[in-house]
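Visitor: Pasting in a structure now, in structure tokens, and then I'll have a few things to ask.
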Amino acid sequence: MSEKKCPVLDIAKVNNAHGHAEAYAEVRAGGPVARSEDLGGYWALLGYSQVREAANDTGRLCSGLGSTIPALGMTFRPIPVEVDPPEHRNYRRILVPELRPDRVADWEELTRRKADEAIDTFIESGKGDLNAISRYMPPAVIAAILGVPDDGPTMVELTDDINRAATRNDAEGKKNANIALMRFVEKIVTEAEQDQDRADLLTMIANAEIDGVPIGHDKAMAMTITVVVAGQETTVNGIGGALWRLGAHQDVKKRLLEDPSLISTAVEESLRLDSPVQMMGRTATADFELEGVPISKGDRVGLVWGAANLDPAKFENPEKFDIDRPSNPHVAFGHGIHRCIGEHLARLEMRVAIEQVLARMPDFELDGEIEIGTNIPLNRGPKAIPVKFTPGPRVYAA
Numbered sequence: 019m020s021e022k023k024c025p026v027l028d029i030a031k032v033n034n035a036h037g038h039a040e041a042y043a044e045v046r047a048g049g050p051v052a053r054s055e056d057l058g059g060y061w062a063l064l065g066y067s068q069v070r071e072a073a074n075d076t077g078r079l080c081s082g083l084g085s086t087i088p089a090l091g092m093t094f095r096p097i098p099v100e101v102d103p104p105e106h107r108n109y110r111r112i113l114v115p116e117l118r119p120d121r122v123a124d125w126e127e128l129t130r131r132k133a134d135e136a137i138d139t140f141i142e143s144g145k146g147d148l149n150a151i152s153r154y155m156p157p158a159v160i161a162a163i164l165g166v167p168d169d170g171p172t173m174v175e176l177t178d179d180i181n182r183a184a185t186r187n188d189a190e191g192k193k194n195a196n197i198a199l200m201r202f203v204e205k206i207v208t209e210a211e212q213d214q215d216r217a218d219l220l221t222m223i224a225n226a227e228i229d230g231v232p233i234g235h236d237k238a239m240a241m242t243i244t245v246v247v248a249g250q251e252t253t254v255n256g257i258g259g260a261l262w263r264l265g266a267h268q269d270v271k272k273r274l275l276e277d278p279s280l281i282s283t284a285v286e287e288s289l290r291l292d293s294p295v296q297m298m299g300r301t302a303t304a305d306f307e308l309e310g311v312p313i314s315k316g317d318r319v320g321l322v323w324g325a326a327n328l329d330p331a332k333f334e335n336p337e338k339f340d341i342d343r344p345s346n347p348h349v350a351f352g353h354g355i356h357r358c359i360g361e362h363l364a365r366l367e368m369r370v371a372i373e374q375v376l377a378r379m380p381d382f383e384l385d386g387e388i389e390i391g392t393n394i395p396l397n398r399g400p401k402a403i404p405v406k407f408t409p410g411p412r413v414y415a416a
């Protein structure tokens with residue numbers, strides 16, 4: 019520990035309660051670098067400029083020793099999220115073309131259908147939980163993109179199990195969760211390798227090459243792990259956070275109904291205010307100082323995206339849900355070489371979810387208290403979003 023006294027961050031407490039902007043501000047008042055002895059112990063960067071600078075400092079802060087705090091301890095390092103330069107670029111280039119905005123747009127019809135299927139489960143009753151949409155749509159969409167359309171629920175279950183075990187430091191649970199995830203990924207990658215008639219993201223990964231050399235089965239599995247876990251979990255919280263904010267801010271909802279072009283702006287403001295992924299981890303590769311705080315080689319360092327997005331030095335009145343911000347350069351999708359590859363898909367899913375809710379239940383309002391909390395303390399989102407509205411008809415037959 020440093021001799022310099024640092025503020026203390028309890029990120030689990032922050033992300034299981036309302037008032038996170040004020041909570042981060044209280045910690046940040048003691049300095050932009052905080053300390054936590056939870057989750058194995060780590061340093062936490064809270065300021066916007068400090069987080070961005072650290073994300074770019076891939077020499078002193080690597081991802082290859084774990085991108086989460088605590089590390090998930092997977093059998094395979096997820097690729098490319100836990101690969102450092104220069105190899106990182108080669109693997110990222112494999113995924114980027116399939117997740118560009120123009121390619122993602124091809125999935126809008128499916129995304130809208132999945133949103134409507136979820137809404138159909140409660141639209142006739144005049145009340146429901148909007149998290150039914152956020153929990154159903156992203157896993158269903160990414161499963162379809164991968165080419166395993168029936169496996170969305172399995173992906174959710176496996177991701178939840180491995181996250182819970184890692185957060186609880188449950189060695190036996192981590193082992194079992196890893197085995198289950200590896201069996202699933204082994205199965206779907208092998209099937210993709212053997213079926214040459216398929217044309218989906220999983221088949222593309224399974225047959226990928228770098229400089230003319232196949233990446234091989236193990237690397238394909240490691241890349242698939244990234245898509246399976248990251249491709250659905252964080253968007254669940256992103257959609258939930260956005261729908262909750264609209265229910266809590268009826269004035270903003272009214273403006274979106276009158277001018278749907280503002281929906282994308284509301285998506286960005288929701289991402290800033292309630293960043294689905296609040297923190298990602300790095301590991302120090304050498305001894306150095308961060309804002310006067312000595313960091314030792316091997317120390318874990320958390321880049322707290324959620325706190326950076328609430329830094330008053332960058333965002334005026336950061337605690338407010340304000341769709342009229344003249345500028346919103348948030349870091350909800352990260353920053354630097356490890357910026358989220360799936361950000362365009364996440365934006366599409368959030369926009370479509372809002373569009374369908376506004377189209378089918380325009381008068382919805384919150385119908386109960388909102389409790390904050392997700393399966394791990396590094397994420398943020400509402401546990402449920404109870405609402406009431408004028409009942410409507412199903413789109414698809416029961």
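Heads up, the sequence shown is in the numbering used here, so the first residue is 19 and it goes up one at a time.
Idealized CB from N, CA, C, for every residue including glycine.
1) Evaluate I197 with the Cβ neighbour count: other Cβ atoms within 10 Å of its Cβ, from every protein chain shown; 16 or more gives buried, anything less gives exposed.
2) To which residues does DSSP link A302 through a beta bridge?
3) Compute the minimum distance between the beta carbon of P50 and the heavy atoms of the ligand COA, and state whether it is under 7 Å.
4) Thinking just about the alpha-carbon of each residue, which of L164, A162, G170 is nearest to the one in R153?
5) Between the Cα of I276 and the Cα atoms of D381, F407, E55, I137, which residue gives the shortest distance?
6) Pull up the distance between the alpha-carbon of D218 and that of P395, whole angstroms please.
7) Against chain B, does D120 count as a neighbour if the rule is that its beta carbon must be under 8 Å from one of theirs?
8) Please state the DSSP three-state secondary structure of P96.
9) On the three-state DSSP scale, how would you describe D193?
10) Rounded to a whole number of angstroms, what is the C-alpha to C-alpha distance between D342 and A304?
11) Less than 7 Å between C-beta atoms, sequence neighbours within five positions excluded: which residues of the same chain meet that for A240?
12) Pull up the DSSP beta-bridge partners for V319, would you.
13) Nearest to R186 by alpha carbon, out of G58, E373, I223, K237?
14) Check each candidate in P409, E55, A416 and name the one with the smallest Cα separation from E142.
15) Just mark M19 as buried or exposed, buried being the case when its beta carbon has 16 or more other beta carbons within 10 Å.
16) Do L308 and V51 have their C-beta atoms within less than 8 Å of each other?
17) So, D385 versus K205, is the Cβ gap smaller than 8 Å?
18) Pick helix, strand or coil for A416, following the three-state DSSP scheme.
19) Quick one, which of S282, V122, P404 has its alpha-carbon nearest P383's?
20) Going by DSSP, what residue range makes up the alpha helix (DSSP H) through A136?
21) When DSSP labels each residue in this structure, what does A52 get in the three-state scheme?
22) Mind reading off the beta-carbon distance from T253 to V295? Whole number of angstroms is fine, and I expect it under 8 Å.
23) Expressed to the nearest angstrom, what Euclidean distance is found between the alpha-carbon atoms of M274 and Y66?
24) How about A195 and A183: are their beta carbons less than 8 Å apart?
25) Kindly indicate which residue of K401, G360, F407 has the alpha-carbon position closest to the one of V159.
26) Alpha carbon to alpha carbon, what distance is there between D269 and L289?
27) Buried or exposed for E100, going by 16 or more other Cβ atoms inside 10 Å?
28) Buried or exposed: where does N74 fall if 16 or more other Cβ atoms within 10 Å of its Cβ makes it buried?
29) How close, in whole Å, do the beta carbons of M398 and N255 come, if the pair is a contact with beta carbons under 8 Å?
30) Short check: CB of R300 to CB of C80, under 8 Å?
31) For S345, does the count of other Cβ atoms within 10 angstroms reach 16, so buried, or fall short, so exposed?
32) Thinking I151 and A136 are a contact (beta carbons under 8 Å), I'd like their distance in whole angstroms, please.
33) Figure out for me which residue from F333, F339, K338, E337 has the closest Cα to the Cα of P347.
34) DSSP state of I228, grouped into three classes?
35) Express the C-alpha separation of G82 and A302 in angstroms, rounding to a whole number.
36) Am I right that L117 and L363 are in contact with their C-beta atoms under 8 Å? What's the rounded C-beta distance?
Guide: Reading from the atomic positions:
1) The residue you call residue 197 lines up with position 179 of the sequence shown. With fewer than 16 Cβ atoms within 10 Å of its Cβ, I197 is classed as exposed.
2) Position 284 of the sequence shown, counting from 1, holds the residue named residue 302. L79, per the DSSP bridge assignment.
3) For the structure depicted, the ligand COA is absent and the ligand set is empty, with no information on it obtainable.
4) Mapped onto the sequence shown, residue 153 falls at position 135. When each option's Cα is compared against that of R153, the closest is G170.
5) Within the sequence shown, the letter at position 258 stands for residue 276. For the sequence presented, residue 276 should be read as Glu rather than Ile. Selected option, being the one with the closest Cα: D381.
6) Translated into the one-based positions of the sequence shown, residue 218 becomes position 200. Translated into the one-based positions of the sequence shown, residue 395 becomes position 377. If I take the Cα positions, the gap works out to 33 Å.
7) Of the chains in the structure shown, none is chain B; there is only one protein chain.
8) As a working note, residue 96 is residue 78 in the sequence shown. P96 falls in the coil class under three-state DSSP.
9) In the sequence shown, the residue the question calls residue 193 occupies position 175. Before going further, note that residue 193 is Lys rather than Asp in the sequence given. If DSSP states are grouped into helix, strand and coil, K193 belongs with the helices.
10) To locate residue 342, count along the sequence shown from 1; it is residue 324. To locate residue 304, count along the sequence shown from 1; it is residue 286. If you take the alpha carbons of D342 and A304, they lie about 43 Å apart.
11) As a working note, residue 240 is residue 222 in the sequence shown. Excluding residues within five positions, the ones whose Cβ falls inside 7 Å are F94, R95, P96, I97.
12) The count along the sequence shown starts at 1 and reaches residue 319 at position 301. According to DSSP, which records beta bridges pairwise, V319 is partnered with W61, R300.
13) Start at 1 with the first residue of the sequence shown, and residue 186 comes out as number 168. Closest by alpha carbon: G58.
14) For this step, residue 142 is matched to residue 124 along the sequence shown. When only C-alpha atoms are compared, the closest one is P409.
15) Taking the sequence shown and counting its residues from 1, the one referred to as residue 19 is at position 1. Residue placement at M19 is poorly supported in this model, since its pLDDT is 41, which falls under 50; the coordinates are not used for a value here.
16) Here residue 308 corresponds to residue number 290 of the sequence shown, with the count starting at 1. Here residue 51 corresponds to residue number 33 of the sequence shown, with the count starting at 1. A contact, by the Cβ cut-off of 8 Å.
17) By 1-based counting over the sequence shown, the position of residue 385 is 367. By 1-based counting over the sequence shown, the position of residue 205 is 187. No; because the gap between Cβ atoms is not below 8 Å, this pair is not in contact.
18) Along the sequence shown, one-based indexing puts residue 416 at 398. Three-state result, A416: coil.
19) Working through the sequence shown from its first residue, we reach residue 383 at position 365. For the record, residue 383 in the displayed sequence is Glu; it is not Pro. Among S282, V122, P404, the Cα nearest to that of E383 is on P404.
20) As a first step, residue 136 is located in the sequence shown; it is residue number 118 there, counting from the start. Counting along the chain, the alpha helix (DSSP H) containing A136 begins and ends at 126-138.
21) Start at 1 with the first residue of the sequence shown, and residue 52 comes out as number 34. DSSP places A52 in strand when its eight states are reduced to three.
22) Translated into positions along the sequence shown, residue 253 becomes position 235. Translated into positions along the sequence shown, residue 295 becomes position 277. About 10 Å separates the two Cβ atoms, so there is no contact after all.
23) Position 256 of the sequence shown, counted from the first residue, corresponds to residue 274. Position 48 of the sequence shown, counted from the first residue, corresponds to residue 66. Contrary to the premise, residue 274 reads as Leu rather than Met in this sequence. The alpha-carbon atoms of L274 and Y66 are separated by roughly 29 Å.
24) The count along the sequence shown starts at 1 and reaches residue 195 at position 177. The count along the sequence shown starts at 1 and reaches residue 183 at position 165. Closer than 8 Å, so yes.
25) Locating residue 159 in the sequence shown gives position 141, counting from the first residue. Answer by Cα proximity: G360.
26) Position 271 of the sequence shown, counted from the start, is the residue given in the question as residue 289. Position 251 of the sequence shown, counted from the start, is the residue given in the question as residue 269. So the two alpha carbons sit approximately 19 Å from each other.
27) Taking the first residue of the sequence shown as position 1, residue 100 is located at position 82. So E100 ends up on the buried side.
28) Translated into the one-based positions of the sequence shown, residue 74 becomes position 56. Result: exposed.
29) Within the sequence shown, the letter at position 380 stands for residue 398. Within the sequence shown, the letter at position 237 stands for residue 255. A small fix is needed here, since residue 398 is Arg in this sequence, not Met. Going by Cβ atoms, the distance from R398 to N255 rounds to 6 Å, so yes, they are a contact pair.
30) Here the question's residue 300 lines up with position 282 in the sequence shown. Here the question's residue 80 lines up with position 62 in the sequence shown. For R300 and C80, yes; Cβs fall inside 8 Å.
31) Here residue 345 refers to the residue found at position 327 of the sequence shown. Exposed, because fewer than 16 other Cβ atoms sit within 10 Å of the Cβ of S345.
32) The count along the sequence shown starts at 1 and reaches residue 151 at position 133. The count along the sequence shown starts at 1 and reaches residue 136 at position 118. Sure, about 4 Å apart at Cβ, within 8 Å.
33) By 1-based counting over the sequence shown, the position of residue 347 is 329. Answer by Cα proximity: F333.
34) As a working mapping, residue 228 is identified with position 210 in the sequence shown. It is a strand residue.
35) Taking the sequence shown and counting its residues from 1, the one referred to as residue 302 is at position 284. Taking the sequence shown and counting its residues from 1, the one referred to as residue 82 is at position 64. Roughly 11 Å between the two C-alpha positions.
36) On the sequence shown, position 99 is the one that residue 117 refers to. On the sequence shown, position 345 is the one that residue 363 refers to. Going by Cβ atoms, the distance from L117 to L363 rounds to 6 Å, so yes, they are a contact pair.
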